[in-house]
Amino acid sequence: MGKKAICFLTLRPSELFYHFCKQLQNNEYDVFVCIDDNNYVVPMDYHVSNIHIIQIKNSICEAAGFKSTVQWFNNRACSRDKSLYYFCKIITKYTDVWFIEEDVFIPHINTIKNIDYKNKHADLLCASNEIVSTRNALHWFWPYIFKQTSLDPPFGRSMICAVRISSALLKVIENYATTYNNLFMDESLFNTLALHNNLIIQTPEELSTIHWRNEWKLQDILITNMYHPMKKIDQHYHYRRKLRIHT
């Protein structure tokens, strides 16, 4: 089995956040931090470690069609677009890439590894896979997405704060960006393109705790799962410390 990558999507990562990233680096995973703010100066020790920093000019990604995945920023490249560009165009050696937002809580350094072990062959691991079989759907953000893409049904959707994407699906995403010079809203993009290309979608229980809004208490946490949202990075560390004591 080939090596995987873990890519965190950030704006201006804190020292605490970066410290946890270093703990994830091992022989099975390369760890990347994609920083959306191009004016953010990366501290020197970030560069000299084994953590890979991604900072790409918006215009480079936008010119290649890697834009519009974030609802509020149509025709603009944000961290998700930049990370997709990076793993589609620059570094393409990984069998799978995890794309994880910085406010996702990962309880243990082996959480991701254990999810991968149980789900070896999926092209897309995500929280859910709600399918819409018509372009007439009016709920959620479907009317907006139908304006972004001319694809025929079916369409899929999921929370995508933590997803694993295979090299096969990354190639499909690259082809779409090249063909249409654009992408579309991320919560539909991955599921829809996987459906259209007969790729394998799995929704493991460990990602069922990726929610739009929730206040996660310590008693809610299973070390097998990932959790969203948890905005305060110091809370991540507090919970991990408590979990180590009680497990």
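In this text, residue positions in the sequence shown follow numbering that gives the first Met the number 0: the first is 0, and each later residue adds one.
Cβ coordinates follow ideal geometry from the N, Cα and C atoms, glycine included.
In the structure shown, the three-state DSSP call for Ile209 is strand.
In terms of Cα proximity to His138, the closest of Leu150, Ala126 and Arg156 is Arg156.
Between the alpha carbons of Gly1 and Thr94 lies a distance of about 6 Å. Cβ-Cβ distances below 8 Å link Asp122 to Ile164, Ser165, Ala167, Leu168, Ala193, Leu198, Ile199 and Ile200 in the same chain, with the five nearest sequence neighbours on each side left out; the list follows chain order. Inclusion of Leu188 and Val162 in the CB contact set at 8 Å is not warranted, their separation being larger than that value. Fewer than three pairs of CB atoms, one per stretch, sit closer than 8 Å, so the stretch 111-118 makes no contact with the stretch 58-65. Inclusion of Tyr226 and Val32 in the CB contact set at 8 Å is not warranted, their separation being larger than that value.
Annotated as proximal: Met184 and Tyr143, with beta-carbon spacing under 8 Å. Note that the C-beta distance between Thr68 and Leu182 is below 8 Å. Judged by their CB atoms, Leu8 and Arg79 are nearer to each other than the 8 Å cut-off. With contacts defined by Cβ atoms closer than 8 Å, Pro106 and Arg134 do not form a contacting pair.
Taken in chain order, the whole alpha helix (DSSP H) runs of length 4 or more contained in the stretch 98-136 are 110-117. In this structure, DSSP gives Lys2 a state outside helix and strand, which the three-state scheme calls coil. Cα atoms of Ile50 and Ile99: separation of roughly 15 Å, rounded to the nearest angstrom.
An exposed status is given to Val40, since fewer than 16 other beta-carbon atoms sit within 10 Å of its beta-carbon.
In the DSSP assignment, Ile89 falls outside any beta strand (DSSP E) and carries neither an H nor an E.
Between Val131 and Ala4, the C-beta spacing is not below 8 Å. Within the model, the alpha-carbon separation for Asn73 versus Ile209 is close to 24 Å. Cβ contact annotation for Lys56 (same chain, cutoff 7 Å, sequence separation greater than five): Asn37, in chain order. Around the beta carbon of Pro12, a 10 Å sphere encloses 16 or more other beta carbons of the protein chains shown; the residue is thus reported as buried. Apart from sequence neighbours up to five positions away, the residues of its chain that approach Met229 with a beta-carbon distance below 7 Å are Asp102, Phe104, Trp215 and His235, ordered along the chain.
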